[in-house]
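Enquirer: Here it is: the structure, laid out below.
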Ligand SMILES: Nc1nc2c(ncn2[C@@H]2O[C@H](COP(=O)(O)OP(=O)(O)O)[C@@H](O)[C@H]2O)c(=O)[nH]1
Ligand SMILES: [Mg+2]
Ligand SMILES: [Zn+2]
Ligand SMILES: [Zn+2]
C-alpha cells in the first residue's frame, strides 16, 4: 500500500546517481527485497509504471531480487533459513536467534546509457 | 554501463529516525510506537496508560491519523500534551513527521512519548521512527487468526496487547492458539490481556512498560 512512496524513493535515488554519471537513460534498476518485509512486487511494478514516465527511467525495468529469511542461533551458532512462522533453531530448539537476512530493502545497482550513445539504428525485428 | 548503488531504499527515513533517536537520548525520553488496526483500541490504551503512569512520568502523545484531531483532543482533555499529525492519506508515519511533531514538544521536560501510528497492520513495521519499542495491539473481535494474515507486525513488536479482553466470551476467540502463533513468530514478546476501557489487565502492561523505561535509564547512566 505504501509502494508508491517506496518507488518514489527508488526513482529519486536512481535518477540522482545516474545524472551524476551524465546518463540520459536508465535501462534497469535492481533492488533487493527481503521476504520478511511487507513489500508486494506486483504493487512495486505497478507504481514503477505509474511513476517512471517523464523521468529518465521511463521504459526501463525494475528488477527485484527476493532475499529469503535466515538467522543464526545464539546458543549453538547454527545458521538456518526459515519461514515467517519458524524462527526457532532447528538444531537445538533455542529461541535466541539473531536475524541475518530477510529484511532487505536496498537499491543494488542501475544500468544506464551515457549521453550521446549513437544507438539510433533500429534493432532488427526478429 | 552499470553503477553500484548499494543504498537502503528508505535511507532518508532511517537518517531522520537516527536524528530523532539522538534527540530522545539527549533528553532521556522513552518513545513507544503503538500499532494496530483502526478501532483496536490504540487511543483507549494510551488513555489507560496515561492514567496509570502520569504520576510517575511526564508523558506526551503524538497522534497519527489520516485526518482530524479527535484523538489528540481526547488526550489534551486529560491535561497531557498531544500533537496531531495528519498524514493526508498516507498509511503510516515516517520519521520526518515525528521530527516536526517533536519540534513542538518540550523534550527536556518529558520522560515518555507515546506515538499512535496510523491504523494499519502492514507498513508501520517498515518505518523506524527513532522509537525505543514498537508494540502491537490486537483486539479480541479481530479474531485469533490475525497473526497468520499479518505475521510481520507480530514478529517485530516487543510486546503484544490483546485488548477488549472483556469481550472474549462473546467471540469465538481461541486464546491458546493465538498465544501459540504469536510465540512461534516472536518467542520473546509478552502478551498482555487488557480491557483498556475497563482497566482490567492494564497494570501488568504498564508494569512492563515502566520496567522498560527504567532499563533504558539505567543503560543511559551507565553509558
Ligand atoms: N469493550 C471494549 N471496548 C473497547 C476497549 N478498548 C476500546 N474499546 C472501544 O473500541 C472503540 C475504538 O477504540 P479506540 O481507542 O478509539 O481505537 P483506535 O482507533 O485504535 O484508537 C471505541 O468505541 C472504544 O470505546 C475495551 O477494552 N473493551
Ligand atoms: Mg485512535
Ligand atoms: Zn541452536
Ligand atoms: Zn504505509
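Protein chains in written order, with our numbering: chain A, 1 to 126; chain B, 1001 to 1223.
No residue lacks a Cβ here, since even glycine has one placed at the ideal position from N, Cα and C.
Can you list, in chain order, the residues of its chain whose CB lies under 7 angstroms from that of residue 10 of chain A, leaving out five sequence neighbours each side?
Expert: 29, 31 and 107.
Enquirer: Relative to the C-alpha of residue 1018 of chain B, which candidate in B:1083, B:1127 and B:1171 has its C-alpha closest?
Expert: Here the closest residue by C-alpha is B:1127.
Enquirer: With distances taken between CB atoms, is the gap from residue 1132 of chain B to residue 1016 of chain B smaller than 8 angstroms?
Expert: No, Cβ-Cβ distance for residue 1132 of chain B and residue 1016 of chain B is not below 8 angstroms.
Enquirer: Nearest chain B C-beta to residue 82 of chain A closer than 8 angstroms, yes or no?
Expert: Not closer than 8 angstroms to any Cβ of chain B, the Cβ of residue 82 of chain A fails to qualify, so no.
Enquirer: Could you spell out the range, first to last residue, of the beta strand (DSSP E) harbouring residue 1011 of chain B?
Expert: Here residue 1011 of chain B belongs to no beta strand (DSSP E); instead the alpha helix (DSSP H) covers 1011 to 1027.
Enquirer: Taking 7 angstroms as the cut-off, does the CB of residue 1042 of chain B come closer than this to any heavy atom belonging to ligand 1?
Expert: Indeed, a heavy atom of ligand 1 lies less than 7 angstroms from the Cβ.
Enquirer: In chain order, what residues of the region 1005 to 1022 of chain B put their CB closer than 9 angstroms to some CB of chain A?
Expert: So the close ones are 1005, 1006, 1007, 1008, 1009, 1010, 1011, 1012 and 1013.
Enquirer: Excluding the five sequence neighbours on either side, which residues of its own chain have a C-beta within less than 6 angstroms of the C-beta of residue 1060 of chain B, listed in chain order?
Expert: Counting only Cβ-Cβ distances below 6 angstroms, and skipping sequence neighbours, we find 1081, 1105, 1110 and 1113.
Enquirer: Is it buried or exposed, residue 122 of chain A, if we count other Cβ atoms within 10 angstroms and call 16 or more buried?
Expert: The predicted model places residue 122 of chain A with a pLDDT of 47, which falls under 50 and marks its position as unreliable; any figure quoted below should be read in that light. Exposed: under 16 other Cβ atoms inside 10 Å.
Enquirer: On a Cα-Cα basis, can you pick out the residue from A:54, A:90, A:55 and A:57 that is closest to residue 70 of chain A?
Expert: Here the closest residue by C-alpha is A:90.
Enquirer: Please classify residue 88 of chain A as buried or exposed, where buried requires at least 16 neighbouring CB atoms within 10 angstroms.
Expert: With 16 or more other Cβ atoms within 10 Å, it is buried.
Enquirer: Looking at the strands, I want to know which residues DSSP matches up with residue 112 of chain A.
Expert: DSSP lists A:26 as partners of residue 112 of chain A.
Enquirer: Can you give the Cα-Cα distance for residue 1229 of chain B and residue 1142 of chain B, rounded to whole angstroms?
Expert: For chain B, the structure presents residues 1001 to 1223; residue 1229 of chain B sits outside this window and is missing.
Enquirer: Assess, as a yes-or-no matter, whether the region 1147 to 1159 of chain B is touched by the region 33 to 51 of chain A under the definition of 3 or more beta carbon pairs within less than 8 angstroms.
Expert: Yes: the two stretches touch, three or more of their Cβ pairs being nearer than 8 angstroms.
Enquirer: With respect to the beta strand (DSSP E) encompassing residue 99 of chain A, which residues constitute its N-terminal and C-terminal limits?
Expert: Its beta strand (DSSP E) spans residues 97 to 101.
Enquirer: Which residues in chain A sit within 7 angstroms of residue 1092 of chain B, going by Cβ to Cβ distance?
Expert: Those are 2, listed as they occur along chain A.
Enquirer: Excluding the 5 residues flanking residue 120 of chain A on each side, which residues of the same chain have their C-beta closer than 7 angstroms to its C-beta?
Expert: Any reading at residue 120 of chain A must be qualified, since the residue scores a pLDDT of 49, below 50, and its modelled position is unreliable; the value itself is stated next. Excluding sequence neighbours, residue 120 of chain A sits near nothing in its chain.
Enquirer: Between residue 1177 of chain B and residue 1165 of chain B, what straight-line distance do the alpha-carbon atoms span, to the nearest angstrom?
Expert: Residue 1177 of chain B and residue 1165 of chain B: Cα-Cα distance of roughly 15 angstroms.
Enquirer: Does the beta carbon of residue 1119 of chain B fall short of 7 angstroms from some heavy atom of ligand 1?
Expert: Within the cutoff, so yes.
Enquirer: Return the chain-ordered list of same chain residues with a C-beta closer than 6 angstroms to the C-beta of residue 1083 of chain B, the five sequence neighbours on each side being excluded.
Expert: Cβ within range, chain order: 1062, 1101 and 1104.
Enquirer: Here's a check: name, in chain order, each residue in its chain whose Cβ is nearer than 6 angstroms to the Cβ of residue 1067 of chain B, leaving out the five neighbours to either side.
Expert: Contacts found: 1086.
Enquirer: Using a Cβ-Cβ cut-off of less than 8 angstroms, list which residues of the region 61 to 89 of chain A approach chain B; keep chain order.
Expert: The region 61 to 89 of chain A vs chain B, Cβ under 8 angstroms: 84, 85, 86, 87 and 88.
Enquirer: For ligand 3, list every residue whose C-beta falls under 6 angstroms from any of its heavy atoms, going in chain order.
Expert: Going by the Cβ distance cut-off, the answer is A:73, A:75, A:76, A:78, A:89, A:91, A:92 and A:94.
Enquirer: Quick check on this structure: which residue in A:18, A:58, A:114 and A:44 has the alpha carbon closest to the alpha carbon of residue 65 of chain A?
Expert: Selected option, being the one with the closest Cα: A:44.
Enquirer: Would residue 106 of chain A count as contacting chain B if we go by Cβ distances under 8 angstroms?
Expert: Yes - at least one Cβ of chain B is within 8 angstroms of the one on residue 106 of chain A.
Enquirer: What do you reckon, is the C-beta of residue 1071 of chain B under 7 angstroms from a heavy atom of ligand 2?
Expert: Yes, the Cβ of residue 1071 of chain B comes within 7 angstroms of a heavy atom of ligand 2.
Enquirer: Among residues of its own chain, excluding the 5 on either side of residue 1125 of chain B, which ones have a beta-carbon nearer than 6 angstroms to its beta-carbon?
Expert: These residues qualify, in order along the chain: 1152, 1153 and 1156.
Enquirer: For a contact meaning CB atoms closer than 8 angstroms, what does residue 1125 of chain B contact in chain A?
Expert: Chain A residues near residue 1125 of chain B: 38.
Enquirer: At a Cβ threshold of 8 angstroms, is residue 1136 of chain B touching chain A?
Expert: Chain A contact via Cβ: absent.
Enquirer: Where does residue 1071 of chain B sit, in a helix, a strand or coil, going by DSSP?
Expert: If DSSP states are grouped into helix, strand and coil, residue 1071 of chain B belongs with the helices.
Enquirer: Show which residues of chain B have a CB atom less than 8 angstroms away from the CB atom of residue 13 of chain A.
Expert: What residue 13 of chain A touches in chain B: 1005, 1007, 1009 and 1011.
Enquirer: Considering only DSSP beta bridges, list what residue 1197 of chain B is partnered with.
Expert: Partner(s): none; residue 1197 of chain B has no beta bridge.
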